[in-house]
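A.B. asks: Using our numbering, read the sequence shown as starting at 377 and increasing by one per residue. Can you keep this structure in mind? I'll have questions shortly.
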Amino acid sequence: MSNKLYLANKFFHAICTGITVNTIRRGTRHIELGVDIIEPTQRTEKRGETAFVTRDNLKVDITHICYKKFHQLTLDDLVANGRPTTPQNFEADKAAFLAEMQEFYPDMTEEDDLTVIYFSYIEGGGLLPENQKSGGRDDA
377 MSNKLYLANK FFHAICTGIT VNTIRRGTRH IELGVDIIEP TQRTEKRGET
427 AFVTRDNLKV DITHICYKKF HQLTLDDLVA NGRPTTPQNF EADKAAFLAE
477 MQEFYPDMTE EDDLTVIYFS YIEGGGLLPE NQKSGGRDDA
């Protein structure tokens, strides 16, 4: 299966540790359930002055898809996205999340359609030993 999912490298650790169990995407996307790969947006990452490491793909089981407007996001959606929030802080945290989403989608508003993709982590997503390559894109 290949849903062609990419994720910023900074989110991989939270998925590998179970903190994040969903990804929220702008628009209505057709996503198939089942085992799939999430690729890093950058295959190689700079470490230090001259060293580079290779980021491995994540293998996940996509278990649930839901479609909603941004303003319909719930506390559970944000928590599953790795954002600790409480009922008291939910509206402020949702506004902060909108600002973060606007880094990827600058014209995004609370009326935009979203696809919320729930998954369980299977394996991968770490840094590969030097000189070992993972399959997929190579965005140096």
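Here a beta-carbon is modelled for each residue, glycine too, at the ideal position from N, C-alpha and C.
Under the assumption that R431 contacts F388 (Cβ atoms under 8 Å), give the Cβ distance between them as a whole number of angstroms.
C.D. replies: The sequence position of residue 431 within the sequence shown is 55, counting from 1. The sequence position of residue 388 within the sequence shown is 12, counting from 1. Between F388 and R431 the Cβ distance is about 7 Å, and since that is below 8 Å, they are a contact.
A.B. asks: Apart from the five residues on each side of it in sequence, which residues of its chain come closer than 6 Å, Cβ to Cβ, to C442?
C.D. replies: Within the sequence shown, numbered from 1, the residue matching residue 442 stands at position 66. Closer than 6 Å at Cβ, skipping near neighbours: V492.
A.B. asks: Where DSSP assigns a beta bridge to S496, which residues make up the other side?
C.D. replies: Indexing the sequence shown from 1 puts residue 496 at position 120. Its beta-bridge partners are D437.
A.B. asks: Return the chain-ordered list of same chain residues with a C-beta closer than 8 Å to the C-beta of M484, the five sequence neighbours on each side being excluded.
C.D. replies: For the purposes of this step, residue 484 is taken as the residue at position 108 of the sequence shown. R402, F446, L474, M477 and Q478, listed in sequence order.
A.B. asks: Are the beta-carbon atoms belonging to V436 and F495 less than 9 Å from one another?
C.D. replies: Looking up residue 436 in the sequence shown gives position 60. Looking up residue 495 in the sequence shown gives position 119. Against a cut-off of 9 Å, the Cβ pair of F495 and V436 comes out as a contact.
A.B. asks: Give me the residue from T450, A468, N457 and T462 with the minimum Cα distance to L383.
C.D. replies: By 1-based counting over the sequence shown, the position of residue 383 is 7. Looking at the Cα atoms, N457 is the closest of the given residues.
A.B. asks: Do L449 and I400 have their C-beta atoms within less than 9 Å of each other?
C.D. replies: Position 73 of the sequence shown holds residue 449. Position 24 of the sequence shown holds residue 400. The answer is yes: Cβ separation under 9 Å.
A.B. asks: What is the DSSP secondary structure of T396, counted as helix, strand or coil?
C.D. replies: Mapped onto the sequence shown, residue 396 falls at position 20. Correct three-state label for T396: coil.
A.B. asks: Between E425, A471, E421 and A472, which has its C-alpha nearest K386's C-alpha?
C.D. replies: The residue labelled residue 386 in the question sits at position 10 within the sequence shown. Out of E425, A471, E421 and A472, E421 has the C-alpha closest to the C-alpha of K386.
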